[in-house]
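S.K.: Sharing a structure here in structure tokens format.
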Amino acid sequence: MFQEITLDQIESATRIVYAVMQPTPQYCWPLLCESLGTEVWVKHENQTPIGSFKIRGGLVYFAHLAKSSEKPKSVVSATKGNHGQSIGFAASRYGIPATIVVPHGNSIKKK
Numbered sequence: 566m567f568q569e570i571t572l573d574q575i576e577s578a579t580r581i582v583y584a585v586m587q588p589t590p591q592y593c594w595p596l597l598c599e600s601l602g603t604e605v606w607v608k609h610e611n612q613t614p615i616g617s618f619k620i621r622g623g624l625v626y627f628a629h630l631a632k633s634s635e636k637p638k639s640v641v642s643a644t645k646g647n648h649g650q651s652i653g654f655a656a657s658r659y660g661i662p663a664t665i666v667v668p669h670g671n672s673i674k675k676k
């Protein structure tokens with residue numbers, strides 16, 4: 566079922582995320598703009614604590630869990646990458662033990 570997202574929800578999520586990290590920088594790269602023939606802005610999500618935009622989802626999810634009666638005793642996530650880092654990072658901020666299951670041979674860059 567589709568549920569429309571409200572401006573209040575977006576502003577609430579923004580406050581949750583920016584309480585933990587600064588906004589990531591955005592740059593206009595002239596050579597890229599020239600090459601593509603249009604203005605291009607690049608948002609540097611590699612500047613987050615886990616190097617990915619996915620940190621936002623984990624932080625907002627756990628903030629809502631912490632406020633509800635559904636706060637789990639622990640969480641488990643199976644993933645190959647940034648989602649698991651997001652869950653682990655956010656769970657630790659809320660004192661919730663997290664187990665992240667990754668496939669054997671997963672990229673060493675995701676450790």
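Under my numbering, read the sequence shown as residues 566 to 676, first letter to last.
We put the CB at the ideal spot given by N, CA and C, even for glycine.
These numbers were taken from a predicted model, which means no experiment stands behind them.
Check the C-beta distance from Ala-631 over to Tyr-592 and give it rounded, since I have them as a contact under 8 Å.
M.R.: Taking the first residue of the sequence shown as position 1, residue 631 is located at position 66. Taking the first residue of the sequence shown as position 1, residue 592 is located at position 27. With a Cβ gap of about 34 Å, Ala-631 and Tyr-592 do not count as contacting.
S.K.: If I measure Cβ to Cβ from Ala-655 and keep anything under 6 Å in the same chain, skipping five residues before and after, which residues do I get?
M.R.: The residue labelled residue 655 in the question sits at position 90 within the sequence shown. Excluding residues within five positions, the ones whose Cβ falls inside 6 Å are Gly-623, Leu-624 and Phe-627.
S.K.: Please state whether DSSP places Ile-665 in a helix, a strand or coil.
M.R.: As a working mapping, residue 665 is identified with position 100 in the sequence shown. If DSSP states are grouped into helix, strand and coil, Ile-665 belongs with the strands.
S.K.: When you compare the CB positions of Gln-587 and Ser-617, do they come within less than 8 Å of one another, or not?
M.R.: Stepping through the sequence shown from its first residue, residue 587 is reached at position 22. Stepping through the sequence shown from its first residue, residue 617 is reached at position 52. Contact flag unset, no.
S.K.: Within 10 angstroms of its Cβ, does Val-641 collect 16 or more other Cβ (buried), or is it exposed?
M.R.: Your numbering for residue 641 matches position 76 in the sequence shown. Val-641 comes out exposed.
S.K.: Ignore the nearest five residues each way along the sequence and tell me which others in Tyr-583's own chain have a CB closer than 8 Å to its CB.
M.R.: The residue given as residue 583 occupies position 18 in the sequence shown. Nothing listed; no residue qualifies.
S.K.: Can you tell me which of the three DSSP states Ala-578 falls into?
M.R.: To locate residue 578, count along the sequence shown from 1; it is residue 13. Of the three classes helix, strand and coil, the one that applies to Ala-578 here is helix, per DSSP.
S.K.: Mapping DSSP to helix, strand and coil, what is Gln-612?
M.R.: Your numbering for residue 612 matches position 47 in the sequence shown. Three-state DSSP puts Gln-612 in a helix.
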